[in-house]
Amino acid sequence: MQRILVTGGLGFIGSHTVVELQQAGYDVVIIDDLSNSQLSVLDRITSITGMKPDFHQFDLKEKEKVHQFFQQEKIDGVIHFAASKAVGESVNEPLKYYENNINTLVYVLKAMNNNQVENFIFSSSCTVYGQADELPITESAPVKTAESPYGNTKQIGEEILKETTTVSNLNGIALRYFNPIGAHASAKIGELPIGVPQNLIPYITQTAIGIREELSIFGDDYPTEDGTAIRDYIHVVDLAKAHIKALERLIENRNKEKYEVFNVGTGSGSSVLEIVKAFEKATNQDLAYKIVERRAGDITAAFADTTLAEKELNWKAELTLEDCLLSAWNWQKKIHENTLVE
Ligand code: UD1
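Numbering (the working numbering), first residue to last: 852 to 1193.
If you want it as structure tokens, here you go:
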């Protein structure tokens, strides 16, 4: 049995990936510092899969602990989610982001090199493309100047990984996620935003359940059909599955380069208003919203060209936008019952 380390494995994307890994027959060990996740997620993962992943609670900035961990454990591959991810916060606290997202990456890669662990999957983001000149966006689109320290950590992270693979036995794949949404069909795991959600879907579900008064749509004067901005929303379970495909490619030595990059999206874009309408239809209720000013740093449109992932990873998003919105809504209702949050 292959043993896979998932850093940040109790977070939103991490927890869904742990479930898919276990169900695909991998033995999983999680490192998570609980800075943006809850310990109860471990039990919820276990109740979905019937298998309790090993769990180590520590901060990857503790370099010695990272090295000790790799010396003690026999690891076949690493999926590295652990990172800070709030764009606005990163603008106010850039050093927190560089320390959390860059130092930890360096420590993990160093420990991997020292202990002959060779397979690494990195969580990157479509944010590296900025406003791309052409849509859909292919992996060869230029990386644009980052709009935030958070975005910059993804660009720098990719470079660190690429440079490391050229001079070591490490093989790396960076997955550039588009907009991950939705929750597990069991409604046992999902996104747990702290405070007021910054992202669209949790804001919508919190509004629908009555925590927020109304959704503010950031701008209806974009050069799109209905004037609202367009994104490629991908179900987190589809995204989780892309990680398994990428990992298998490395474990089976099917990668064509030591460092590879793949877009992970659905290939089609939806405007904010289309999302609102789709949510109303899927859940059979009206959503209160108003149009406000554009949000600083937002781009007009982004959606993925997924040809490369389809061909090389043999992966394609399977779940629909309705699946995404209904699962997010079921999850929100579950949280609201207060059965999940301690
Ligand atoms: C955001 C981040 C991006 C990050 C991604 C990961 C910014 C500027 N970008 O992407 O770097 O990789 O999250 O989760 O924060 N919207 C509203 N009202 C809201 C919230 C959002 O109209 O209350 C709109 C936004 O203007 C945007 C769309 O909904 O057009 C999606 O927003 P969001 O979910 O925050 O994702 P991104 O901004 O695409």
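Beta carbons are placed, not taken as given, at the ideal position from N, Cα and C, and that holds for glycine.
Self-check item: beta-carbon LYS1096 near ligand 1 non-hydrogen atom, thresh 8 Å
Solution: If you number the sequence shown from 1, residue 1096 lands on position 245. It does not: the Cβ of LYS1096 is nowhere closer than 8 Å to a heavy atom of ligand 1.
- [ ] Measure the C-alpha to C-alpha separation of ALA933 and GLY860 and round it to an integer number of angstroms.
- [x] Against the sequence shown, residue 933 aligns to sequence position 82. Against the sequence shown, residue 860 aligns to sequence position 9. The alpha-carbon atoms of ALA933 and GLY860 are separated by roughly 8 Å.
| For ILE881, which residues of its own chain have a beta-carbon under 6 Å away from its beta-carbon, when the five flanking residues on both sides are left out? | Working through the sequence shown from its first residue, we reach residue 881 at position 30. Excluding residues within five positions, the ones whose Cβ falls inside 6 Å are VAL857, GLY860, PRO904, PHE906.
- Does at least one heavy atom of ligand 1 sit under 8 Å from the Cβ of VAL1087? Counting from one through the sequence shown, the residue named residue 1087 turns up at place 236. Incorrect: VAL1087 has no Cβ contact closer than 8 Å to ligand 1.
_Run of the alpha helix (DSSP H) containing PHE920, from where it starts to where it stops_ = Start at 1 with the first residue of the sequence shown, and residue 920 comes out as number 69. Start and end: 914–923.
Quiz item: Do SER975 and GLU924 have their C-beta atoms closer together than 9 Å?
Solution: Walking along the sequence shown from the start, residue 975 turns up at place 124. Walking along the sequence shown from the start, residue 924 turns up at place 73. No. Outside cutoff.
**Whole-Å CB distance - PRO1000 paired with VAL942, under 8 Å assumed** = For this step, residue 1000 is matched to residue 149 along the sequence shown. For this step, residue 942 is matched to residue 91 along the sequence shown. 7 Å between Cβ atoms; contact.
| From the DSSP output, which residues share a beta bridge with GLU1111? | For the purposes of this step, residue 1111 is identified with residue 260 of the sequence shown, where counting begins at 1. Beta-bridge analysis with DSSP links GLU1111 to ILE1024.
Worksheet item: For ALA1155 versus VAL1088, is the C-beta spacing smaller than 9 Å?
Response: Indexing the sequence shown from 1 puts residue 1155 at position 304. Indexing the sequence shown from 1 puts residue 1088 at position 237. No.
- Item | Residue burial classification, GLY1061 (beta-carbon count within 10 angstroms, cutoff 16) | Here residue 1061 refers to the residue found at position 210 when the sequence shown is read from its first residue. Under the 10 Å beta carbon count, GLY1061 is surrounded by fewer than 16 other beta carbons and is classified as exposed.
query: Within 8 Å: the Cβ of ALA1129 and any heavy atom of ligand 1?
result: Taking the first residue of the sequence shown as 1, we reach residue 1129 at position 278. In this structure, ligand 1 has no non-hydrogen atom nearer than 8 Å to the beta-carbon of ALA1129.
Can you round the beta-carbon distance between THR900 and VAL929 to whole angstroms, since I take them to be within the 8 Å contact cut? Numbered from its first residue, the sequence shown carries residue 900 at position 49. Numbered from its first residue, the sequence shown carries residue 929 at position 78. Taking the Cβ atoms as the reference, THR900 lies roughly 20 Å from VAL929, outside the contact range of under 8 Å.
**Prompt:** Excluding the five sequence neighbours on either side, which residues of its own chain have a C-beta within less than 6 Å of the C-beta of ASN1106, listed in chain order?
**Reply:** One-based indexing of the sequence shown puts residue 1106 at position 255. A distance below 6 Å between beta-carbons, with the five flanking residues on each side excluded, links ASN1106 to the following residues of its chain, in chain order: ASN1022, ARG1100.
Quick check on SER891: does DSSP put it in helix, strand or coil? To locate residue 891, count along the sequence shown from 1; it is residue 40. Looking at SER891 - three-state DSSP - the assignment turns out to be helix.
Q: Kindly examine ligand 1 and report whether one of its heavy atoms sits closer than 8 Å to the Cβ of ASN970.
A: For this step, residue 970 is matched to residue 119 along the sequence shown. No - ligand 1 has no heavy atom lying nearer than 8 Å to the Cβ of ASN970.
CA-CA distance, LEU1026 and THR1056?
Counting from 1 along the sequence shown, the entry for residue 1026 is found at position 175. Counting from 1 along the sequence shown, the entry for residue 1056 is found at position 205. If you take the alpha carbons of LEU1026 and THR1056, they lie about 27 Å apart.
Counting along the chain, where does the beta strand (DSSP E) carrying SER1013 start and finish? The residue given as residue 1013 occupies position 162 in the sequence shown. Checking the displayed sequence, the identity of residue 1013 turns out to be Lys instead of Ser. That residue, LYS1013, is in no beta strand (DSSP E); its alpha helix (DSSP H) goes 1000–1018.
Whose C-alpha, out of LYS1184, VAL879, LEU1043, LEU956, is nearest the C-alpha of ASP1059? Position 208 of the sequence shown, counted from the first residue, corresponds to residue 1059. This sequence places Ala at residue 1059; Asp is not what is there. Closest in C-alpha terms to ALA1059, from the list LYS1184, VAL879, LEU1043, LEU956, comes LYS1184.
Bridge partners for ASN1050 per DSSP, in chain order? The count along the sequence shown starts at 1 and reaches residue 1050 at position 199. Answer is none; ASN1050 lacks a bridge partner.
Cβ-based neighbour list, TYR1110, same chain, cut-off 7 Å, excluding 5 preceding and 5 following:
Here the question's residue 1110 lines up with position 259 in the sequence shown. Counting only Cβ-Cβ distances below 7 Å, and skipping sequence neighbours, we find LEU1012, LYS1013, THR1016, GLY1023.
Item checked: Classification of ASP883 by the beta-carbon crowding that lies within 10 angstroms, buried from 16 upward -> Within the sequence shown, numbered from 1, the residue matching residue 883 stands at position 32. ASP883 is buried by the Cβ-count criterion.
Ligand 1 and ALA1194: does the residue's C-beta get closer than 8 Å to at least one heavy atom of that ligand?
This structure cannot speak to residue 1194, because the chain is shown only from 852 to 1193.
Run through DSSP, which three-state label would ASP905 get? On the sequence shown, residue 905 is found 54 positions in, with the first residue counted as 1. Here DSSP, grouped into helix, strand and coil, assigns ASP905 to strand.
For VAL994, the three-state DSSP class (helix, strand or coil): Locating residue 994 in the sequence shown gives position 143, where the first residue counts as 1. The answer is coil: DSSP assigns VAL994 none of H, G, I, E or B.
Once the 5 residues before and after THR1075 are set aside, which same chain residues still bring their CB inside 7 Å of it? Stepping through the sequence shown from its first residue, residue 1075 is reached at position 224. Excluding sequence positions up to five before and after THR1075, its CB lies within less than 7 Å of the CB of ILE1081, SER1122, THR1151, ALA1152, all in the same chain and listed in chain order.
Between GLN923 and ligand 1, is the CB less than 8 Å from at least one heavy atom?
-> Residue numbering aside, residue 923 sits at position 72 when the sequence shown is read from its first letter. No, the Cβ of GLN923 stays beyond 8 Å of every heavy atom of ligand 1.
Using CA coordinates, which residue listed in ASN952, SER1178, ASN1020 is at the minimum distance from MET963?
-> As a working mapping, residue 963 is identified with position 112 in the sequence shown. Nearest Cα to MET963 within the set ASN952, SER1178, ASN1020: ASN1020.
Which term fits GLY1120, buried or exposed, when burial requires 16 or more other beta carbons within 10 angstroms of its beta carbon?
To locate residue 1120, count along the sequence shown from 1; it is residue 269. By the neighbour-count rule (16 or more Cβ atoms within 10 Å), GLY1120 is buried.
- Cβ neighbour criterion (16 or more within 10 Å) applied to ASP1083: Along the sequence shown, one-based indexing puts residue 1083 at 232. ASP1083 should be labelled buried.
Notebook entry, point to check: Less than 9 Å separating the beta-carbons of GLY1070 and GLU1144?
Noted result: Residue numbering aside, residue 1070 sits at position 219 when the sequence shown is read from its first letter. Residue numbering aside, residue 1144 sits at position 293 when the sequence shown is read from its first letter. With contacts defined as CB atoms closer than 9 Å, GLY1070 and GLU1144 qualify as a contacting pair.
ASP927 versus SER898, ASN1050, TYR877, residue with shortest Cα-Cα distance:
Position 76 of the sequence shown, counting from 1, holds the residue named residue 927. For the set SER898, ASN1050, TYR877, the Cα lying nearest the Cα of ASP927 is the one of TYR877.
Practice task
Just tell me which of ASN1030, THR989, CYS977 has its CA closest to the CA of LYS1005.
Solution key: As a first step, residue 1005 must be located in the sequence shown, where it is residue number 154. Distance from the Cα of LYS1005 is smallest, within the candidate group ASN1030, THR989, CYS977, for CYS977.
_Spatial distance of PHE909 from TYR1028 (CA atoms)_ = Within the sequence shown, numbered from 1, the residue matching residue 909 stands at position 58. Within the sequence shown, numbered from 1, the residue matching residue 1028 stands at position 177. Their backbone Cα atoms lie some 26 Å apart in a straight line.
- Query: Helix or strand or just coil, what does DSSP make of ASN1106?
  - Reply: If you number the sequence shown from 1, residue 1106 lands on position 255. ASN1106 falls in the coil class under three-state DSSP.
ask   = For HIS931, does the three-state DSSP call read helix, strand or coil?
value = By 1-based counting over the sequence shown, the position of residue 931 is 80. DSSP, reduced to helix, strand and coil, places HIS931 within a strand of the structure shown.
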